[in-house]
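Undergrad: Handing you a structure now.
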Amino acid sequence: MKTTDWTDLPGPSLFLQRVEQDLCESKSVLAVVPSCFDDRWVYAIRSRLENNYEWREVSGSPGEFLQEISTRKDGQAFIHPREIIEKGIVRQGFVLKNPSGDKWNEWSSFLQSFAELHRGTNELNRNVFLVTSVETRNILPNELLLSERRIEGFIRPEDPFFHAAQVVEPDETDSLWRKIRMHVCSEVAQWDFRLCEQLCELSTKDLLDPFDWLREYGKLRGWDDVSETSDPKILRQHGLLFSIGKEQIKHSALLALNGNKTEIDKRIWIAQVRVLFPIIEEQRVRLLRALGKISPSTIRLWENDLGPEDSLGIGELHHRMICSGAFGLRPTTFAWKLKNIRNKLAHLKICKPSDIPDDHEWFR
């Protein structure tokens, strides 16, 4: 599977910049990122700041953390976070991944004490925590050296499309279907960049009918016991409900697991409309120009039948081409294909590869 670094996309990159800025200001950061996102963003933060801090991952409770980093000669654990500073442990970056709900209250209180103690320490010698969490209900106390960042709100509608454009392999023989694939993958995956990468690997046939595949994807991710009507906090924790702009969107795998094929098909249809409607209009104009060279008098006669602000739609154009008999099979068949695409999309139907002309059939 071809993967690219989704953390370089505009929205995620801005999120990382904000987290990085907070850490550079010696703030400990709680970053709320749903579980559908992989850990590439954590690695990106660490690599950006490896000159500022020596990073290590921690787990368990605050007490276990103090045990892990204790340097006491008697082998006993540190008792209070102030001992971290007193023993000369400085410029450390601690990554705490998804503390459990029953431990969060302990960690929240600990981080407040940790930040307060570091306030009087030289900035260059401060330690920081990067706490990752999927729990949207986790919040930090209001303290100067603590910060919260939530990736929801940073992802933009164009991010998944840019990601699909990087992942979908170039196809010199059929550039139109590559463009359609990019739009379909991004529209179905939305903010789930890992899903986007896997969709890009599907055949065109499977990509245009991904319902069963999405069900299996959801089951593999452990979402098969989650309902569309579940607590929104649970859905957000998994990344199955997400806000992009002002719109709240449900994950396509959640729709598939709950039997909502109609909404999945609608997303594929939207993707095809974005690509094909402009092309249909462009090709209609080029076809008219080509017909005007074959039989200028016929085209002038047709145009005189219309008002000054009207134009021959592709359906009307195809009908007149058949009735006139003035044009050959190739342009008439091409007009029929354009009409068929337009009619399918106008009736909310998805176009199959057989519906769309090959690259060599289009008017250039």
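Residue numbers (my numbering): 6 to 369.
Heads up, the beta-carbon is just placed ideally off N, CA and C, and yes, glycines get one too.
DSSP state of T126, grouped into three classes?
TA: Reduced to three states, the DSSP call for T126 is coil.
Undergrad: State the Cα-Cα distance for the pair E59 and R124, rounded to the nearest angstrom.
TA: Going by the C-alpha atoms only, they are around 20 Å apart.
Undergrad: Measure the Cβ-Cβ separation of I160 and P17 and say whether it is below 8 Å.
TA: It is a contact, given that the beta carbons lie within the stated cut-off.
Undergrad: In the DSSP assignment, find the unbroken beta strand (DSSP E) run with F198 in it and report its ends.
TA: Per DSSP, F198 belongs to no beta strand (DSSP E); it is in the alpha helix (DSSP H), 198-204.
Undergrad: Please identify the residue among D217, I185, E153, P336 whose C-alpha is closest to the C-alpha of V37.
TA: Of the listed residues, the one whose Cα sits closest to V37 is E153.
Undergrad: Using beta-carbon positions only, say whether R183 and P175 come within less than 8 Å of one another.
TA: In contact: R183 and P175 (Cβ atoms closer than 8 Å).
Undergrad: Using only CA atoms, which one of R77, R96, C201 lies nearest to E88?
TA: E88 has its Cα closest to that of R77, out of R77, R96, C201.
Undergrad: Among all the DSSP beta bridges, which residues are the ones paired with R155?
TA: According to DSSP, which records beta bridges pairwise, R155 is partnered with V37.
Undergrad: Could you tell me how far apart the beta carbons of F119 and P86 are, in whole angstroms, since I believe they sit closer than 8 Å?
TA: That pair is a contact at about 5 Å.
Undergrad: With a Cβ-Cβ cutoff of 8 Å, do C111 and S66 count as a contact?
TA: Correcting the residue type first, residue 111 is Glu in the shown sequence and not Cys. Their beta carbons are under 8 Å apart, which means E111 touches S66 by this criterion.
Undergrad: Is the beta carbon of F247 sitting closer than 8 Å to the one on E157?
TA: Yes, these two residues count as a Cβ contact at 8 Å.
Undergrad: DSSP three-state label for V100, please.
TA: Residue state, collapsed to three classes: strand.
Undergrad: For T137, does the three-state DSSP call read helix, strand or coil?
TA: Correct three-state label for T137: strand.
Undergrad: Can you tell me where the beta strand (DSSP E) holding F247 begins and where it ends?
TA: Per DSSP, F247 belongs to the beta strand (DSSP E) from 246-249.
Undergrad: Using CA atoms only, rank isn't needed, just tell me which of A82, N56, I327, E62 is closest to R96.
TA: Closest by alpha carbon: N56.
Undergrad: Taking the straight line between their C-alpha atoms, what separation do you get for F83 and E73?
TA: Looking at the two C-alpha atoms, the distance is approximately 9 Å.
Undergrad: Can you tell me the Cα-Cα spacing of N265 and L28, whole angstroms?
TA: Going from the Cα of N265 to the Cα of L28 covers about 42 Å.
Undergrad: Sort N103, R347, H256 by Cα distance to D229 and report the nearest one.
TA: Among N103, R347, H256, the Cα nearest to that of D229 belongs to H256.
Undergrad: Near I94, which residues of its chain fall below 8 Å by C-beta distance, leaving aside the five closest residues on each side in sequence?
TA: Hits under 8 Å: I74, T76, N132.
Undergrad: What's the gap between the Cα of S316 and the Cα of S329?
TA: Looking at the two C-alpha atoms, the distance is approximately 18 Å.
Undergrad: Going by other Cβ atoms of all chains shown within 10 Å of its Cβ, with 16 needed for buried, is L306 buried or exposed?
TA: The residue in question, L306, is exposed, as its Cβ has fewer than 16 Cβ neighbours within 10 Å.
Undergrad: If we call anything under 8 Å between Cβ atoms a contact, is K271 one with R142?
TA: For K271 and R142, no; Cβs fall outside 8 Å.
Undergrad: Is R226 near A258, with beta carbons less than 8 Å apart?
TA: It is a contact, given that the beta carbons lie within the stated cut-off.
Undergrad: Take the Cβ of Y222 as the centre, count every other Cβ of all protein chains shown within 10 Å, and call the residue buried at 16 or more, exposed below.
TA: By the neighbour-count rule (16 or more Cβ atoms within 10 Å), Y222 is buried.
Undergrad: Rounded C-beta distance between L54 and E25? I'm assuming under 8 Å.
TA: Indeed they touch by this definition, with Cβ atoms about 6 Å apart.
Undergrad: Below 8 Å on the Cβ atoms is my contact criterion, and I expect L293 with P336 to pass it. Report the Cβ-Cβ distance as a whole number of Å.
TA: About 10 Å separates the two Cβ atoms, so there is no contact after all.
Undergrad: Less than 8 Å between the CB atoms is what I'm expecting for A106 and E140, so what's the real figure, rounded?
TA: Here residue 106 is Gly; the residue named in the question, Ala, does not match the sequence. 7 Å between Cβ atoms; contact.
Undergrad: What number of angstroms, rounded off, separates the C-alpha of K344 from the C-alpha of Q288?
TA: Approximately 11 Å, taken between the alpha carbons.
Undergrad: Any idea what DSSP makes of K78, helix, strand or coil?
TA: In this structure, K78 counts as coil in the three-state DSSP scheme.
Undergrad: Any idea which residues DSSP pairs I254 with across the strands?
TA: According to DSSP, I254 bridges with F247.
Undergrad: So who's on the other strand from E59, going by DSSP bridges?
TA: Q97.
Undergrad: Within 10 Å of its beta-carbon, does A351 have 16 or more other beta-carbons around it, so buried, or fewer, so exposed?
TA: That one is exposed.
Undergrad: Alpha helix (DSSP H) containing H352: first to last residue?
TA: Looking at the DSSP string, H352 is not in any alpha helix (DSSP H), and its letter there is neither H nor E.
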